[in-house]
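One structure below.
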Amino acid sequence: MSDAASSAPLLPDAAPAGVRAFVDALVRAEPAQRDALPAALARLDPGELDALGAWLDFRVAHGRDVVQLAEDYLALMRMFTEEQFAFQRSGAYRNSTFAQALEEVYRRPDEMQAYMEGLATSTFLWSNHLEMYRFFRTTFPAGRGGRYLEVGPGHGFFFRHALEVGAFDVVRGIDVSETSIALTRQVLEHFHPGLQDRVELTCTDFLDATALEPGSFDVLVMGEVVEHVEDPLTFLRRLRDLGTDDAWFFVTTCANAPAPDHIFLFRACDDIRALLDEAGFAVVDALELGWDGRDPVKCARRRLPINVAYALRKA
Numbered sequence: 130m131s132d133a134a135s136s137a138p139l140l141p142d143a144a145p146a147g148v149r150a151f152v153d154a155l156v157r158a159e160p161a162q163r164d165a166l167p168a169a170l171a172r173l174d175p176g177e178l179d180a181l182g183a184w185l186d187f188r189v190a191h192g193r194d195v196v197q198l199a200e201d202y203l204a205l206m207r208m209f210t211e212e213q214f215a216f217q218r219s220g221a222y223r224n225s226t227f228a229q230a231l232e233e234v235y236r237r238p239d240e241m242q243a244y245m246e247g248l249a250t251s252t253f254l255w256s257n258h259l260e261m262y263r264f265f266r267t268t269f270p271a272g273r274g275g276r277y278l279e280v281g282p283g284h285g286f287f288f289r290h291a292l293e294v295g296a297f298d299v300v301r302g303i304d305v306s307e308t309s310i311a312l313t314r315q316v317l318e319h320f321h322p323g324l325q326d327r328v329e330l331t332c333t334d335f336l337d338a339t340a341l342e343p344g345s346f347d348v349l350v351m352g353e354v355v356e357h358v359e360d361p362l363t364f365l366r367r368l369r370d371l372g373t374d375d376a377w378f379f380v381t382t383c384a385n386a387p388a389p390d391h392i393f394l395f396r397a398c399d400d401i402r403a404l405l406d407e408a409g410f411a412v413v414d415a416l417e418l419g420w421d422g423r424d425p426v427k428c429a430r431r432r433l434p435i436n437v438a439y440a441l442r443k444a
C-alpha cells in the first residue's frame with residue numbers, strides 16, 4: 130500500500146499535505162494509530178486542520194521532519210501512559226520538588242524539545258487539549274489593548290493568538306525553560322515577523338521577575354504552570370497583583386495528571402477553585418473536562434486526569 134493510500138481513509142481530500150505526511154508517519158511508526166486517529170481528526174474543523182498543517186510545515190521548515198514529529202507525539206503518549214499507571218498504584222506524583230523537575234526535564238534540551246513538540250501536536254489531537262484551546266480563543270477579549278503578560282508560553286499557541294486578535298502595545302512572555310522561550314521566539318519569527326518589536330521574552334522564574342510592576346498588565350495568561358511549582362498559591366497571588374483592577378486573567382491546570390515535571394497534585398476541581406478563591410480571583414467562565422469525556426467528579430474519585438481552564442477577574 131502506498132503512503133497516500135495508507136492515510137486516505139483518515140483524512141478529507143482537502144487535508145493539508147503536511148498533515149497527510151504526519152498521519153502517514155504516525156501509522157507507519159505505530160499501526161494502532163489507524164484506529165485512534167479517525168475520531169481525533171474528525172473533531173477538527175477546516176480551520177483547525179489548516180492550523181495543524183501550518184504548524185507541521187513550520188516545524189519541518191525549522192529542521193524537524195515529520196518522522197521525528199510523529200515520534201515526539203508517540204513518545205509523549207507513552208510517557209503519560211506510564212506515568213498514569215504509576216500514579217494509579219501510588220496515588221502520588223513521582224516528583225515533588227522543582228529541583229527534581231529541573232534536573233529531569235528543563236535542563237535536558239533534547240528531551241524538553243521532544244516534549245514541547247509532542248504537546249504542541251496534542252493541542253489538535255487530544256480532545257481535552259483541543260477544547261481548552263477553543264475555550265481560550267472564544268473567551269479571549271479580542272481587541273483589548275494595553276499590556277499583555279503570559280507566564281509559561283511554552284509552544285506559543287496562546288501567545289500567538291493574543292498577538293493576532295489583541296491590540297497590545299506591550300507583550301511580555303516569561304518561561305523557566307530556555308527551550309520553550311526559543312520555540313516561542315521561532316513561532317513569532319515565522320508567523321509574525323513584523324510584530325517582534327512589541328514583544329519581550331525572558332527566561333527566568335516568574336517569582337524572580339521583580340521588575341514587573343504591580344497593577345501594570347491588562348491581560349494575563351498562565352497556562353499549565355501551577356502544577357509545575359511547589360507553591361501555586363504564591364504564583365497565583367503574584368499573577369493577580371500584576372493585573373490592573375479590570376484585568377482579564379486566564380489560567381489552566383490539571384488534576385490527577387502525572388508527568389515528570391508535574392509536582393503539585395490537585396485531586397479535584399474543587400481544590401483548584403478553592404485555591405483561585407484564596408488567591409483573590411473570581412471565576413468568570415470555566416471549562417472542566419474529565420478524562421475521555423467522563424464526569425470530572427467521577428474522575429476525581431478514581432484518580433483519573435482532569436483538565437481545567439478558567440477565565441478570571443479580581444474578586
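For what it's worth, my numbering labels the leading residue of the sequence shown as 130, then goes sequentially. Even glycine gets a Cβ: it sits at the ideal position worked out from N, Cα and C.
1. Give me the Cβ distance between residue 244 and residue 205, rounded to the nearest whole Å; I'm assuming they're in contact under 8 Å.
2. What first and last residue would you give for the beta strand (DSSP E) that runs through residue 416?
3. Cβ of residue 179 within 7 Å of any heavy atom in the ligand ATP?
4. Are the Cβ atoms of residue 352 and residue 409 separated by less than 8 Å?
5. How would you write the range of the beta strand (DSSP E) that residue 444 sits in, first residue to last?
6. Grab me the residues of residue 310's own chain with a C-beta within less than 7 Å of its C-beta, minus the 5 sequence neighbours each way, in chain order.
7. Taking only three categories from DSSP, how would you classify residue 437?
8. Who are the near neighbours of residue 439 in its chain, counting only those whose CB is closer than 6 Å to its CB and skipping five residues on each side?
9. Cβ of residue 270 within 8 Å of Cβ of residue 377?
10. Is residue 344 near residue 302, with beta carbons less than 8 Å apart?
11. Count the CB pairs spanning the stretch 140–154 and the stretch 187–195 that are closer than 8 Å, and state whether there are at least three.
12. Which residues in the same chain as residue 137 place their Cβ atom closer than 6 Å to its Cβ, once the five residues preceding and following it in sequence are excluded?
13. Rounded to a whole number of angstroms, what is the C-alpha to C-alpha distance between residue 143 and residue 315?
14. Pull up the distance between the alpha-carbon of residue 176 and that of residue 249, whole angstroms please.
15. Among 241, 307, 374 and 417, which one has its Cα closest to the Cα of residue 256?
16. Among all the DSSP beta bridges, which residues are the ones paired with residue 381?
17. Any idea what DSSP makes of residue 422, helix, strand or coil?
18. Under 8 Å by Cβ, that's how I've got residue 233 and residue 389 pegged, so tell me the actual separation to the nearest angstrom.
19. Note down, one range per segment and in chain order, each beta strand (DSSP E) of at least 3 residues found wholly within the stretch 267–343.
20. Alpha helix (DSSP H) containing residue 392: first to last residue?
21. Closer than 8 Å by C-beta to residue 442: which residues in its own chain qualify, once you throw out the five before and the five after it? Chain order, please.
22. For residue 168, does the three-state DSSP call read helix, strand or coil?
23. Quick check on the burial criterion: 16 or more other C-beta atoms within 10 angstroms. Buried or exposed for residue 251?
24. Use the C-beta contact count for residue 191: other C-beta atoms within 10 angstroms, 16 or more gives buried, fewer gives exposed.
25. Mapping the DSSP letters down to three states, classify residue 182 as helix, strand or coil.
26. Can the beta-carbon of residue 216 be found less than 8 Å from the beta-carbon of residue 387?
27. Please classify residue 313 as buried or exposed, where buried requires at least 16 other C-beta atoms within 10 Å of its C-beta.
28. Does the distance from the C-beta atom of residue 437 to that of residue 382 stay below 8 Å?
29. Which residue or residues does DSSP assign as beta-bridge partners of residue 372?
Taking the definition as stated:
1. As a first step, residue 244 must be located in the sequence shown, where it is residue number 115. As a first step, residue 205 must be located in the sequence shown, where it is residue number 76. About 7 Å; that satisfies the 8 Å criterion.
2. Locating residue 416 in the sequence shown gives position 287, where the first residue counts as 1. Where residue 416 is concerned, the enclosing beta strand (DSSP E) stretches over 410–419.
3. Of ligands this structure carries none, so the ligand ATP is not represented either.
4. Mapped onto the sequence shown, residue 352 falls at position 223. Mapped onto the sequence shown, residue 409 falls at position 280. No.
5. Start at 1 with the first residue of the sequence shown, and residue 444 comes out as number 315. It is not in any beta strand (DSSP E) - residue 444 carries neither H nor E in the DSSP assignment.
6. For this step, residue 310 is matched to residue 181 along the sequence shown. 304, 330 and 332.
7. Walking along the sequence shown from the start, residue 437 turns up at place 308. Residue 437 falls in the strand class under three-state DSSP.
8. As a first step, residue 439 must be located in the sequence shown, where it is residue number 310. For residue 439, where only same-chain residues beyond five positions count, the Cβ hits under 6 Å are 380, 412 and 415.
9. One-based indexing of the sequence shown puts residue 270 at position 141. One-based indexing of the sequence shown puts residue 377 at position 248. A contact, by the Cβ cut-off of 8 Å.
10. Looking up residue 344 in the sequence shown gives position 215. Looking up residue 302 in the sequence shown gives position 173. Not a contact, by the Cβ cut-off of 8 Å.
11. yes
12. As a first step, residue 137 must be located in the sequence shown, where it is residue number 8. Any reading at residue 137 must be qualified, since the residue scores a pLDDT of 47, below 50, and its modelled position is unreliable; no value is offered.
13. Locating residue 143 in the sequence shown gives position 14, where the first residue counts as 1. Locating residue 315 in the sequence shown gives position 186, where the first residue counts as 1. Distance between the alpha carbons of residue 143 and residue 315 is about 27 Å.
14. Here residue 176 corresponds to residue number 47 of the sequence shown, with the count starting at 1. Here residue 249 corresponds to residue number 120 of the sequence shown, with the count starting at 1. Cα-Cα distance, rounded: 16 Å.
15. Here the question's residue 256 lines up with position 127 in the sequence shown. Checked all of 241, 307, 374 and 417; the closest Cα to residue 256 is 417.
16. Position 252 of the sequence shown, counting from 1, holds the residue named residue 381. Paired residue(s): 352 and 438.
17. Working through the sequence shown from its first residue, we reach residue 422 at position 293. Of the three classes helix, strand and coil, the one that applies to residue 422 here is helix, per DSSP.
18. One-based indexing of the sequence shown puts residue 233 at position 104. One-based indexing of the sequence shown puts residue 389 at position 260. Going by Cβ atoms, the distance from residue 233 to residue 389 rounds to 5 Å, so yes, they are a contact pair.
19. 274–280, 296–304 and 328–332
20. For the purposes of this step, residue 392 is identified with residue 263 of the sequence shown, where counting begins at 1. Run containing residue 392: none; DSSP gives neither H nor E here.
21. In the sequence shown, residue 442 corresponds to position 313, counting from 1. These residues qualify, in order along the chain: 375, 376, 377, 378, 410, 411 and 413.
22. The residue given as residue 168 occupies position 39 in the sequence shown. In the structure shown, residue 168 sits in a helix (DSSP, three-state: H, G or I).
23. As a first step, residue 251 is located in the sequence shown; it is residue number 122 there, counting from the start. Buried is the call here.
24. In the sequence shown, residue 191 corresponds to position 62, counting from 1. Exposed, since its Cβ has fewer than 16 Cβ neighbours within 10 Å.
25. Numbered from 1 along the sequence shown, position 53 holds the residue referred to as residue 182. Here residue 182 sits in helix by DSSP.
26. Residue numbering aside, residue 216 sits at position 87 when the sequence shown is read from its first letter. Residue numbering aside, residue 387 sits at position 258 when the sequence shown is read from its first letter. Yes; because the gap between Cβ atoms is below 8 Å, this pair is in contact.
27. Position 184 of the sequence shown, counted from the first residue, corresponds to residue 313. Counting Cβ neighbours within 10 Å, residue 313 comes out buried, since at least 16 surround it.
28. Here residue 437 corresponds to residue number 308 of the sequence shown, with the count starting at 1. Here residue 382 corresponds to residue number 253 of the sequence shown, with the count starting at 1. Yes.
29. Position 243 of the sequence shown, counting from 1, holds the residue named residue 372. DSSP output for residue 372 lists 346 as bridge partner(s).
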